[in-house]
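The structure appears below as structure tokens.
Numbering (my numbering), first residue to last: 832 to 1261.
Below is the structure:
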């Protein structure tokens, strides 16, 4: 059996938008929107440069049914590049591109092989004596343990299982085609090419059982490097598994403690210092950063009362570091310093501290329930509008607005309202 290498990818989700990144600048918006396609183009180029024996895509080539043929033509064009240099593509359909989901089709090169959705089957690559076993999803929800139905390993061949599965389960992903590591190891294959979980994971090394993660992060919930894996094989054994990072845009959470900042200017300086390490990463790809401010600071009311101004200042600071660092969202969770209980209040509000009063209203269950309902109603009528506190219009609204997002937005609105009211009552902002 000759030495060779192959590439294992999954979860391309072609056609999926990057959540929350419909920018006011149309050129930048297009760059973010095309990140997934450019990631796949890069992967195809690397497969050609590395002279890969074949490419595996373990499900979810598409994010869903096509609105037109554009996405299908893009995929056909890329796999045709591989076909012209003799690199076959083997794929299974996952829950997003199941047979019942994708209603359109475009003829692909004969070197692209797709597994049946009616039963598990085997594709052989005689030139490398490789046997690939797999089964596609007939529909979105597959509750059966497909792994137990896969064919027995072919003696003397390098056997690979291709499966779209949640395996033992993952909190961020629905449970589809569930199985255990023992189920997979029991088939006797040398490598399992899994898909569905969007984070890189090695579940085992004897045999190798790998989730490569998705090619491109699509929202702030999918941070960190994204890509595929290159697998080297010699003498019928896996010799190495190497990550291939191809993402073209990356999401990042940034926590900034403003406890030492007394003024808005000092706060912006602290944020810029925290952003600076991202400059190197932005040199290679777009960066979308969610900034969370926290800590007790005298600047709290000023920051919360002028969110728009602060957002602009942070974006300008990001661009001083690198032109491709973009503020995905700003979360202001700072607090005003707590007053000592013995402190005298010489003003008209000595008997009743307005900050305490407003905080009590903010945490009243009835008020929050009514405010939450009002916020949901407003956002439902504003498709494509930006969520409060987001510098990038187009954040996911009712179709993709999570309960924790709604709660965070309510908190941000209340904090901003408190700061404005206190500023007017006292005739100043801190």
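Cβ atoms here follow ideal geometry from the backbone N, Cα and C, with glycine treated the same way.
Secondary structure note for residue 1165: its beta strand (DSSP E) is the uninterrupted segment 1156-1166. Taking the C-beta atoms as reference points, residue 1101 is found no nearer than 7 angstroms to residue 1130. Where residue 1083 is concerned, the enclosing beta strand (DSSP E) starts and stops at 1080-1088.
Excluding sequence positions up to five before and after residue 984, its CB lies within less than 7 angstroms of the CB of 990, 1018, 1019, 1020, all in the same chain and listed in chain order.
Residue 875: member of the alpha helix (DSSP H) spanning 866-880, first to last residue. Secondary structure at residue 1017: coil, using DSSP grouped into helix, strand and coil. For residue 837, the three-state secondary structure derived from DSSP is strand. Sequence-distant partners of residue 1047 (beyond 5 residues in either direction) whose C-beta falls short of 6 angstroms from its own C-beta, in its chain, are 866, 867, 870, 1057, 1078. In this structure, 842 is the residue among 833, 842, 1127, 857 with its C-alpha nearest to the C-alpha of residue 1044. In this chain, residue 1035 is not harboured by any alpha helix (DSSP H); it is covered by the beta strand (DSSP E) spanning 1032-1036. The stretch 915-922 makes contact with the stretch 880-896; the number of CB pairs closer than 8 angstroms reaches 3 or more. Collapsing the DSSP output to three states places residue 949 in coil. Assigned with DSSP and collapsed to three states, residue 1051 falls in coil, not helix or strand. With a contact defined as Cβ atoms closer than 8 angstroms, residue 998 and residue 1034 qualify at about 7 angstroms. Residue pairing by DSSP puts residue 1074 in a beta bridge opposite 1060. Annotated three-state conformation of residue 893 is strand, per DSSP. Burial is judged here by how many other beta carbons sit within 10 angstroms of a residue's own beta carbon; residue 1070 has fewer than 16 and is exposed.
Boundaries of the alpha helix (DSSP H) around residue 1136: 1131-1136. For residue 1132, the closest C-alpha among the options 1151, 1155, 1166, 955 is that of 1166.
Non-local C-beta neighbours of residue 925 in its own chain, meaning closer than 7 angstroms and more than five positions away in sequence, comprise 890, 891, 968, 995, 1026, 1027, ordered along the chain. About 22 angstroms separates the CB atoms of residue 1207 and residue 1159; that is not less than 8 angstroms, and the two are not in contact. For the 7 angstroms CB-CB criterion, residue 954 and residue 944 form a contact. Taking all protein chains in view, the Cβ of residue 873 is crowded by 16 or more other Cβ atoms within 10 Å, so the residue is classified as buried. For residue 994, the enclosing beta strand (DSSP E) begins and ends at 989-995. Each of 933, 876, 923, 908 was checked against the Cα of residue 899, and the nearest Cα belongs to 933. In the three-state reduction of the DSSP assignment, residue 1127 falls in the strand class. Comparing alpha carbon positions, the residue from 1038, 846, 977 closest to residue 903 is 846.
With contacts defined as CB atoms closer than 7 angstroms, residue 1087 and residue 1134 fail to qualify as a contacting pair. With a contact defined as Cβ atoms closer than 8 angstroms, residue 1106 and residue 1089 miss out at about 14 angstroms. Assignment of residue 944 by DSSP, reduced to helix, strand and coil, places it in the strand class. Taking the Cα of residue 859 as reference, the smallest distance to any Cα among 834, 1055, 1116, 1041 is reached at 1116.
Between residue 970 and residue 1013 the beta-carbon gap is near 27 angstroms, outside 8 angstroms, which marks them as no contact. Contact between residue 1060 and residue 1041 holds, since their C-beta atoms are separated by about 6 angstroms, short of 8 angstroms.
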